[in-house]
Amino acid sequence: MLNHTATSVVTIDRYIIEQERQHPEATGELSGILYDLALAAKMISSKVRRAGLADVLGATDHENVQGEVQQKLDVFANDTIVKAMDHSGRLCGMASEEEPDIIQIPDRFRCGKYCLLFDPLDGSSNIDVNVPVGTIFSVVQKITRGKHGEAEDFLQPGRRQVAAGYVIYGSSTMLVYTTGQGAHGFTLDPTIGEFLLSHPDIQMPDTGRYLSVNDSYEQYWDENVKSLMRRYRGLEGGGKPFNVRYVGSLVADFHRNLLGGGIFCYPANTKNPNGKLRLLYEANPLAFIVEQAGGLASDGRQSIMNVQPTELHQRTPLYIGSRSAVNAAVETLGRELVTV
Ligand code: AHG
Ligand code: MN
Ligand code: MN
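Position one of the sequence shown corresponds to residue 14 (my numbering), numbered consecutively onward.
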């Protein structure tokens with residue numbers, strides 16, 4: 014582990030190079046992907062910061078593959094990432110929440126050995142009301158023989174990720190990433206346009222303070238989920254109650270819990286039997302980060318990163334956060350359902 018502290022002035026580029034040096038076999042391609050993502054993050058941040066002035070508020074008249082109306086900033090963020098990444102020669106294809114199929118690398122560009130999966134703008138419903146939003150990304154290595162990315166390359170379990178991270182456009186813009194050597198946070202200094210190391214080797218508190226859940230779905234939860242939420246609220250099982258904090262941006266809720274301890278829950282419910290969040294570019298990347306920080310991520314039965322994907326945009330229930338809180342979820346949800 015690098016022995017930097019948050020007070021030493023270390024740019025993300027330098028940190029990436031120093032981490033790469035710990036792998037003599039590294040070709041530098043993965044490092045290049047991370048640099049390019051940091052650049053895309055700066056460009057999106059610049060737009061988000063001026064959203065009310067730069068005519069990027071509001072919705073387009075398009076729906077995405079999720080059946081959700083695309084916000085202008087969804088489309089801007091998506092296009093920014095595709096344009097920043099498609100010509101680098103490091104990727105064999107991309108998958109985005111905003112595009113139905115694999116985004117192929119144009120023939121005029123060289124293909125590489127990595128696949129990028131991403132949620133260009135997470136928490137879109139919050140853009141127009143100035144609540145933090147984010148970007149989430151995941152990188153896996155190509156496993157098929159051809160030049161271009163194929164479905165099999167993208168449908169890999171989260172355990173196969175080689176890098177993952179997110180950007181939160183909050184009171185400051187932060188980028189948190191992992192390549193399996195800890196989870197590290199960088200804060201954008203807009204006066205110099207650099208991401209500077211601010212949170213080296215993040216460790217998630219084991220006992221949480223926060224519970225993030227949208228309990229307007231309570232009527233659609235099964236009895237075990239209801240019992241689990243009573244347990245988190247200190248109404249059952251005798252534990253200390255969590256503070257409930259839910260802003261409706263996964264990245265913002267996750268980031269607060271990562272630093273302060275706690276759990277984010279998006280349970281299955283009778284309206285969404287697989288929950289709402291997407292496995293490949295929301296749950297898996299955050300699961301990689303949280304495990305590197307000492308936390309856990311489960312679908313209620315198994316570790317999220319053990320799930321074998323079958324579809325690009327498949328959804329999953331998600332319980333992600335402090336180890337003890339996620340274990341309580343698996344224990345409670347695994348019980349024989351209490352039939353009332
Ligand atoms: P996205 O904007 O990328 O579609 O993601 C929105 C997600 C996630 O950010 C958030 O936690 C969740 O939707 C909120 O869903 P509810 O409004 O159903 O609580
Ligand atoms: Mn999202
Ligand atoms: Mn999104």
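All C-beta atoms in this analysis are idealised placements derived from N, C-alpha and C, irrespective of residue type, glycine included.
Please read all numbers here as calculations on a predicted model, not as lab measurements.
Under 8 Å between C-beta atoms of residue i and residue j
| i | j | result |
| --- | --- | --- |
| arginine 328 | arginine 269 | no |
| asparagine 91 | glycine 261 | no |
| glycine 178 | alanine 265 | no |
| leucine 331 | tyrosine 279 | yes |
| asparagine 237 | arginine 348 | yes |
| arginine 244 | threonine 345 | yes |
| glycine 247 | lysine 239 | no |
| glutamine 169 | valine 153 | yes |
| glycine 162 | glycine 251 | no |
| glutamate 304 | alanine 310 | yes |
| glutamine 194 | glycine 307 | no |
| isoleucine 276 | glycine 313 | no |
| isoleucine 181 | glycine 147 | yes |
| proline 113 | valine 82 | no |
| isoleucine 149 | phenylalanine 131 | yes |
| lysine 126 | glutamate 42 | yes |
| lysine 85 | threonine 73 | yes |
| proline 145 | glycine 183 | yes |
| isoleucine 317 | phenylalanine 267 | no |
Extent of the continuous beta strand (DSSP E) to which residue i belongs
| i | result |
| --- | --- |
| threonine 191 | 186-191 |
| isoleucine 149 | 146-154 |
| serine 75 | In the sequence as displayed, the identity of residue 75 is histidine instead of serine. That run of the beta strand (DSSP E) goes 72-76. |
| alanine 1 | Given that the chain is displayed from residue 14 to residue 353, the structure contains no residue 1 and the question cannot be resolved. |
| glutamate 110 | Unbroken run through glutamate 110: none, as it is neither H nor E. |
| glycine 334 | 331-334 |
| isoleucine 276 | 275-279 |
Distance between beta carbons of residue j and residue i, contact taken as under 8 Å
| i | j | result |
| --- | --- | --- |
| leucine 299 | alanine 108 | Leucine 299 to alanine 108, Cβ: 16 Å. No contact. |
| leucine 188 | phenylalanine 208 | 5 Å |
| alanine 51 | isoleucine 25 | 5 Å |
| glycine 273 | proline 218 | 7 Å |
| leucine 134 | aspartate 166 | Contact doesn't hold; Cβ gap of about 24 Å is too wide. |
| lysine 160 | cysteine 124 | 5 Å |
| alanine 164 | alanine 97 | The pair is not a contact, with the Cβ atoms about 24 Å apart (cut-off 8 Å). |
| valine 23 | leucine 201 | Incorrect: roughly 14 Å between the Cβ atoms, too far for contact. |
| arginine 172 | asparagine 319 | 6 Å |
| phenylalanine 301 | glutamine 174 | 5 Å |
| threonine 191 | alanine 176 | 7 Å |
| arginine 350 | aspartate 235 | Correcting the residue type first, residue 350 is leucine in the shown sequence and not arginine. The pair is a contact, with the Cβ atoms about 6 Å apart (cut-off 8 Å). |
| threonine 186 | tyrosine 233 | Their Cβ separation, rounded to whole angstroms, is 35 Å, which puts threonine 186 and tyrosine 233 out of contact at 8 Å. |
| aspartate 141 | glycine 71 | 7 Å |
| alanine 342 | leucine 241 | 6 Å |
Endpoints, the alpha helix (DSSP H) within which residue i is located
| i | result |
| --- | --- |
| proline 298 | 297-305 |
| tyrosine 294 | Tyrosine 294 -> no alpha helix (DSSP H), and no H or E assigned at all. |
| arginine 348 | Premise fails: arginine 348 is in no alpha helix (DSSP H) and is neither H nor E. |
| isoleucine 116 | Element bounds for isoleucine 116: n/a, residue is neither H nor E. |
| glutamate 31 | 25-33 |
| tyrosine 245 | 236-245 |
| isoleucine 57 | 42-62 |
| alanine 164 | 164-167 |
Residue i - partner residues in DSSP beta bridges
| i | result |
| --- | --- |
| glycine 125 | Looking at the DSSP assignment, glycine 125 forms no beta bridge with any residue, so it has no partner. |
| glutamate 207 | Asp202 |
| alanine 310 | Ile333 |
| valine 82 | Glu76 |
| asparagine 256 | Tyr223 |
| aspartate 135 | Gly147 |
| serine 316 | Ser311 |
| glycine 106 | Cys128 |
| arginine 328 | Arg291 |
| alanine 90 | Note: alanine 90 sits in no beta bridge, so no partner. |
| histidine 212 | Gly198 |
- Query: Pairing CB atoms from the stretch 229-245 with CB atoms from the stretch 45-63, are three or more of them under 8 Å?
  - Reply: no
- Given 8 Å as the limit, is there contact between the stretch 39-50 and the stretch 98-106, that is, 3 or more CB pairs closer than that? yes
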